[in-house]
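Heads up, the sequence shown is in the numbering used here, so the first residue is 979 and it goes up one at a time. Where is the CB? At the ideal position from N, CA and C, for every residue including glycine. Small disclaimer: the values here were computed from a predicted structure and weren't measured. These notes are about the structure you will find just below.
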Amino acid sequence: MSDPRGACAMLGAVETRSVSPVFVGRAGELTALTEALSRATAGEPQALLVAGEAGVGKTRLVEEFRDAACDAGAVVALGGCVELGADGLPFAPFSTALRSLRRRLPDELTAAADGHEGELARLLPELGDPGGADSGDEDATARLFELTVRLLERLAADRTLVLVLEDLHWADTSTRHLLTYLLRTLRRGRIVVVATYRADDIHRRHPLRPLLAELDRMRTIRRIELSRFTRTEVHRQLTGILAAEPAPGLVDEIFDRSDGNAFFVEELVASRSCGDGTNPLSDSLRDLLLVRVEALPEDAQRVARIIAEGGSTVEHGLLGAVSRLAEDDLIEALRAAVGANLLLAVPDGDGYRFRHSLVREAVSDDLLPGERSRLNRRYAEALEADPGLVRPEERATRLATYWYHAHDPAKALPAVLDASVATRKRHAYAEQLRLLERAMELWDEAPAEVRAGLRPIDYAESYPACGCDPETTPLRHLDLLAEAAVAARLCGERERALKIGKMALRLLDGDEEHDPLRAAWFWAEQARLQSNLGRGDGWAEISRAQELVKGLPPSAVHATVLAGAAGWGMLRSPGPDALAAAERAVEYARLVKAEATELNARLTLGTIMVAAGEREAGLAEMHAVRERTTALGQFHEAARAHINLASALESLGRSAEAVELADAGLELTRARGLVESAGWIRGNKAESLHSLGRWDEARAEAERLLSSNTSTKPRASAHLRLAQIAVARGETTTALRHLDEARAVYGTRDPIPQYTLPLAGIDATAAAAEGRLADVRARLVAAADAGFPPGTHRYGWPLVLAAVTAEADSRGLPAAEEGRDQALAVIRRCVRALAAPAPVWAAHSAQVAEELARAEGRETAARWAEAVEAWAPLGRPYPLARVRHRFADALLTEGGRREEATALLRQAHATAVALGARPLREDVELLAARARVPLTADPRSGAPEAEPEPEADAFGLTPREQDVLGLVAVGRTNRQIAEELFISPKTASVHVSNILAKLGVSGRGEAAALAHRLHLLDTTR
């Protein structure tokens, strides 16, 4: 046979004109595309969706834009979604586009992919061997997506890149997910992304519909809707096709029949030329589209039918094998079809496709059922005989599809299973799930001898092989359920994974399939899903799994179940039971040589050890795991080590070290595309930056996390951090909004202390800022009743501090008296329950103790001095400024150390100003004003500051107004004040109004609180 590429090249020039050489209409749409190109060239990435019904002219518009972009010096990469029967090839448009870029920019693409060839080979196999992924690595798909975006950004750094993805209505799930990720995360580079789809195909249940709704919410994406041609535009189109002025009657007839659809105009013109011009046109659209096919020679019609059933594009060699025509006859048949403008030679390949998919669909629909099955069988047989007829990455999926549509379960089942393995290796888990569900559909239909000849495929994580020889043990239906459950979880279909797991457990409950080890594995999977779906904490499922493995010989499932129990305890109850589970998990994993599970359990063990007080030993274990996982290339677990280590260091008050380690973790996640892990690390980094007083940096990290493509739990931590900063800056409304966002994510079914306690602490601080003392008390009571598990002191102390500070600030207020004794008792109970294993928590303890003394009216400057001393060396400026303010207040109250108080207030004020902590700044300024303490020293004077007159008042209150304020503070009404001071109620009302104005408060309660907080009623200073 002759070179098929030469045949395609030769046939590519053969065409009869039914397409207008003149581009008609679409001036506004083309302008929008070219303007986007200009903005992208200036460095602003652009994304556009082009929608329209089939045949309206989407492809022609894209072709015109492509030509304009090429003329402007841009590099254009085109990829189309592939319809293969009812299936789509995973990542097909991206693979095609990247292959085009590799041909155009070979050196540049190689440089951009450097170091990540194995991962990117899942999209572009020409880059090398994809290798294997960490088993059950939920970051795998996100990692591939991140690396793909980064590859495109690097290619677009020095040139304008146009990425065109056509026919999104046929896109597979993985392609849709990758496109969503690309459009959400593309931040830099001279790149334009243009995607087209058929608007008339997007019915209510179409899988593209949710994606379009999500993209509509992105302000950075523009949608272009193509409408049908007007009569004037149809007239221009006909003039171009006919190369002459059409008769008015013809224009009217064509316009009426086509309704302005550009492709139908072409077909109507072509159908007239296929006959004698006198036959009436068919009323059926399908008949109209088949007119040109039926006018072809018999061999050409046969070839058209074969290509219609083969998929969007059929390779020349495969076509020859299926058609069974002699080479010369095949070429002549193709020449006729191409010459009739029915088929097109693929520009960058060796195959053929229909010029318009509507014609292909019409030809395919015209096939008889038996004819369709026979053609699919021929395709499958040809591909089995010569696998090199198609690209390697397409082979397994296409063979599975052909055998499936050939209705041959004996051949289809093995082919579908092979395809599921191939899609898993490409991280196309949604397509793997679809194929596994198809395999389960075929399972009972396939002959028993075929099933007996199948062998276990890739097991799901530590799914056990029952101790049987995998070379002789046949594949079981449970194996398919296990693979499907993991595939569903990894592609985000957690509800489906849960249902598959329940189905498997029902089978395992029966006598026929009783297998405790396999059942334990499924229960462990169910535990993870229950937690992820917010249905519960998963402990019931973990307990069931532990019962099932009890007494069985050591196995990988043992280790997995124990590691799951330890991980559960680490987050919810990091006590002796969790520690023992982690130690047993490590032991069992070592016995069965399951190093990945061992390292996971060791990291959990180290985290629990730190929480239990074995600080250095726990940190050493975690560092060892980090180094080992990095050396083994287990980057997902290495990233988890960075997450837990940063958190552990922060829990010990070593915030600067935590930031340093978080930066190293972010570098790892950037290099390996670990998007989800990066979210957790960034959340931990923001927490440590906040502790160090680097609030603007913490806020920037939190906002960066919110704009990333990570999941909800890390994003909730960002909301917590933003709420914490906002409430400290006096932005209570903003803080409450962020708290609501975090609360919605965490839910109520799985209360994990590392989420619930910080939420309660920040919420209590916001409630105190708004004077909602009852809410503050309620938050503390709920936390105290739930208890403080080991290691949760880092979250408990800030909550207790917020509560006791609110009680101290409200001392003396009548509205706060009811329930006050009980609240202080709860605070004392919490203090007894909280450990202080590091200096930072000892400082919290000292501060809480003195705030409790202040709440009871027994504070002393000496004890505030101890609190200042505890905070001073820790590098945490905000709490240090707070205790300095309290120390200065106590000094001024006791009298005699005015210069020291002045220095403390100036230090506290400088910190509050630097941090933007408005409430603290105002408190310091009010106290300084009341005590007549200047917050800035006069550099021109070296003389000591003079003591103020004893009777002076910074707020300008007269002696009578001070008397009135004293009575307001104890809850007297205007009439009661008048009676006690022997003045009229009207005069009392005037005094109260003047006091509110001078103090800058809006009500009597605020005035009373301010009077107590600033000692305005004290006569000694």
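(request) Work out the CA separation of R1283 and A1426 for me, nearest whole Å. (result) Stepping through the sequence shown from its first residue, residue 1426 is reached at position 448. Stepping through the sequence shown from its first residue, residue 1283 is reached at position 305. Rounded to whole angstroms, the separation of the alpha carbons of R1283 and A1426 is 35 Å.
(message) Whole angstroms are fine: how far does the CA of P1185 sit from the CA of I1520?
(response) If you number the sequence shown from 1, residue 1520 lands on position 542. If you number the sequence shown from 1, residue 1185 lands on position 207. Between I1520 and P1185, the C-alpha separation is close to 35 Å.
(message) Just to confirm the assignment, what range does the alpha helix (DSSP H) spanning T1770 have?
(response) Looking up residue 1770 in the sequence shown gives position 792. Under the DSSP assignment, T1770 falls outside any alpha helix (DSSP H); it carries neither an H nor an E label.
(request) Measure the C-alpha to C-alpha separation of L1812 and G1774 and round it to an integer number of angstroms. (result) Your numbering for residue 1812 matches position 834 in the sequence shown. Your numbering for residue 1774 matches position 796 in the sequence shown. When only Cα atoms are considered, L1812 and G1774 end up about 7 Å apart.
(message) Just to confirm the assignment, what range does the alpha helix (DSSP H) spanning V1142 have?
(response) By one-based count along the sequence shown, residue 1142 stands at place 164. Note, V1142: premise wrong, no alpha helix (DSSP H); beta strand (DSSP E) at L1139 to E1144.
(message) In chain order, what are the residue ranges of uninterrupted beta strand (DSSP E) at least 3 long that sit wholly in the stretch 1397-1421?
(response) Fully contained in the stretch 1397-1421 is no beta strand (DSSP E) run of length 3 or more.
(message) Let me make sure I understand the geometry here. Which of D1487, R1506 and Q1940 has the alpha-carbon closest to that of A1497?
(response) As a working mapping, residue 1497 is identified with position 519 in the sequence shown. Comparing Cα-Cα distances from A1497 to each of D1487, R1506 and Q1940, the minimum goes to D1487.
(request) Please state whether DSSP places Q1024 in a helix, a strand or coil. (result) What you label residue 1024 is simply residue 46 of the sequence shown in a count that begins at 1. Residue state for Q1024 is assigned as strand, using DSSP reduced to three classes.
(request) Examine the Cβ distances between the stretch 1562-1573 and the stretch 1521-1541 and report whether three or more of them are shorter than 8 Å. (result) By the Cβ criterion, the stretch 1562-1573 is in contact with the stretch 1521-1541, since at least three pairs of Cβ atoms, one from each stretch, lie closer than 8 Å.
(request) Using only alpha-carbon positions, find the residue among A1304, L1943 and H1334 that is nearest to V1316. (result) Counting from one through the sequence shown, the residue named residue 1316 turns up at place 338. Among A1304, L1943 and H1334, the Cα nearest to that of V1316 belongs to H1334.
(message) Can you check which of these residues, A1966, V1846 and E1984, is closest to H1750 by C-alpha distance?
(response) As a position in the sequence shown, residue 1750 is number 772, starting the count at 1. The amino acid occupying residue 1750 in the given sequence is Arg; His does not appear at that position. Comparing Cα-Cα distances from R1750 to each of A1966, V1846 and E1984, the minimum goes to E1984.
(message) I'd like to confirm the pairing. Which residues does DSSP put opposite T1174 in its beta bridges?
(response) On the sequence shown, residue 1174 is found 196 positions in, with the first residue counted as 1. Answer is V1028.
(request) State buried or exposed for F1960, treating a residue as buried only when at least 16 other CB atoms are found within 10 Å of its CB. (result) Stepping through the sequence shown from its first residue, residue 1960 is reached at position 982. Looking at its Cβ environment, which holds fewer than 16 other Cβ atoms inside 10 Å, F1960 is exposed.
(message) List, from N- to C-terminal side, the alpha helix (DSSP H) runs of 4 residues or more that fit wholly inside the stretch 1043-1093.
(response) Look at the stretch 1043-1093 and you find these whole runs of alpha helix (DSSP H), each 4 residues long or longer: 1070-1082 and 1084-1090.
(request) Assign E1576 to one of two classes, buried (16 or more other C-beta atoms within 10 Å of its C-beta) or exposed (fewer than that). (result) The residue you call residue 1576 lines up with position 598 of the sequence shown. By the 10 Å Cβ count, E1576 comes out buried.
(request) Please list, in chain order, all residues of the same chain as T1743 whose beta carbon is under 7 Å from its beta carbon, the five residues on each side excluded. (result) By 1-based counting over the sequence shown, the position of residue 1743 is 765. Hits under 7 Å: V1705 and A1780.
(request) May I ask you to report which of helix, strand or coil DSSP gives G1661? (result) One-based indexing of the sequence shown puts residue 1661 at position 683. DSSP places G1661 within a helical segment (H, G or I) once states are collapsed to three.
(request) May I have the straight-line CA-CA distance separating K1036 from A1240, to the nearest angstrom? (result) Taking the first residue of the sequence shown as position 1, residue 1036 is located at position 58. Taking the first residue of the sequence shown as position 1, residue 1240 is located at position 262. Roughly 10 Å separates the two Cα atoms.
(request) Quick one: residues in its chain with C-beta nearer than 7 Å to the C-beta of A1833, no 5 flanking neighbours on either side, listed in chain order? (result) Taking the sequence shown and counting its residues from 1, one reaches residue 1833 at position 855. Correct list, in chain order: V1782, E1785, A1786, R1789 and L1802.
(message) Can you tell me whether L1346 is buried or exposed? The criterion is at least 16 other CB atoms within 10 Å of its CB, across all chains shown.
(response) Reading the sequence shown from its first residue, position 368 is the one you call residue 1346. Burial call: exposed.
(request) Taking only the alpha-carbon atoms, compute the straight-line gap between H1383 and T1401 and give it to the nearest angstrom. (result) For the purposes of this step, residue 1383 is identified with residue 405 of the sequence shown, where counting begins at 1. For the purposes of this step, residue 1401 is identified with residue 423 of the sequence shown, where counting begins at 1. CA-CA distance, H1383 to T1401, rounds to 19 Å.
(message) If you measure between the beta carbons of A1821 and Y1856, is that distance less than 9 Å?
(response) Position 843 of the sequence shown, counting from 1, holds the residue named residue 1821. Position 878 of the sequence shown, counting from 1, holds the residue named residue 1856. No. Outside cutoff.
(request) Assess, as a yes-or-no matter, whether the stretch 1042-1051 is touched by the stretch 1351-1359 under the definition of 3 or more beta carbon pairs within less than 8 Å. (result) Here the stretch 1351-1359 makes no contact with the stretch 1042-1051; the two share fewer than three CB pairs at distances below 8 Å.
(message) Here's the rule: buried if 16 or more other CB atoms are within 10 angstroms of the residue's CB, otherwise exposed. What is L1988?
(response) The residue given as residue 1988 occupies position 1010 in the sequence shown. Around the Cβ of L1988, a 10 Å sphere holds 16 or more other Cβ atoms; the residue is buried.
(request) Could you have a look at R1197 and say whether DSSP puts it in helix, strand or coil? (result) Residue mapping note: residue 1197 aligns to position 219 of the sequence shown, counting from 1. DSSP places R1197 in coil when its eight states are reduced to three.
(request) Alpha carbon to alpha carbon, how far is A1390 from G1288? Give it in angstroms, no decimals. (result) For the purposes of this step, residue 1288 is taken as residue 310 along the sequence shown, with counting starting at 1. For the purposes of this step, residue 1390 is taken as residue 412 along the sequence shown, with counting starting at 1. In this structure, the CA atom of G1288 is about 16 Å from the CA atom of A1390.
(request) Taking all protein chains shown into account, decide if L1530 is buried (16 or more other Cβ within 10 angstroms of its Cβ) or exposed. (result) Walking along the sequence shown from the start, residue 1530 turns up at place 552. Burial is judged here by how many other beta carbons sit within 10 angstroms of a residue's own beta carbon; L1530 has fewer than 16 and is exposed.
(request) Can you tell me which of the three DSSP states A1321 falls into? (result) Mapped onto the sequence shown, residue 1321 falls at position 343. A quick correction: the sequence has Leu, not Ala, at residue 1321. If DSSP states are grouped into helix, strand and coil, L1321 belongs with the strands.
(message) Quick check on this structure: which residue in E1097, P1103 and A1397 has the alpha carbon closest to the alpha carbon of R1080?
(response) Walking along the sequence shown from the start, residue 1080 turns up at place 102. For R1080, the nearest C-alpha among the options comes from P1103.
(request) Can you give me the Cβ contacts of Q1524 inside the same chain, cut-off strictly under 7 Å, excluding the 5 residues immediately before and after it? (result) As a working note, residue 1524 is residue 546 in the sequence shown. For Q1524, the CB contacts under 7 Å within the same chain, skipping 5 residues up- and downstream, are V1539 and A1543 in chain order.
(request) Assuming N1578 contacts S1625 (C-beta within less than 8 Å), just tell me the rounded distance between them. (result) Numbered from 1 along the sequence shown, position 600 holds the residue referred to as residue 1578. Numbered from 1 along the sequence shown, position 647 holds the residue referred to as residue 1625. Between S1625 and N1578 the Cβ distance is about 16 Å, and since that is not below 8 Å, they are no contact.
(request) Per DSSP, which residues does R1331 bridge with? Please list them. (result) What you label residue 1331 is simply residue 353 of the sequence shown in a count that begins at 1. Answer by DSSP bridge pairing, in chain order: L1322.
(message) Quick check on this structure: which residue in R1429, L1228, G1725 and T1375 has the alpha carbon closest to the alpha carbon of A1388?
(response) The residue you call residue 1388 lines up with position 410 of the sequence shown. Closest by alpha carbon: R1429.
(request) Consult DSSP for E1748 and reduce its assignment to one of helix, strand or coil. (result) Looking up residue 1748 in the sequence shown gives position 770. Judged by DSSP in its simplified three-state form, E1748 adopts coil rather than helix or strand.
(message) For a test of the three-state rule: what should DSSP assign to I1169, helix, strand or coil?
(response) Along the sequence shown, one-based indexing puts residue 1169 at 191. Judged by DSSP in its simplified three-state form, I1169 adopts strand.
(request) Apply the 10 Å Cβ neighbour rule to A1191 and answer buried if 16 or more other Cβ atoms are within range, or exposed otherwise. (result) If you number the sequence shown from 1, residue 1191 lands on position 213. Label assigned to A1191: exposed.
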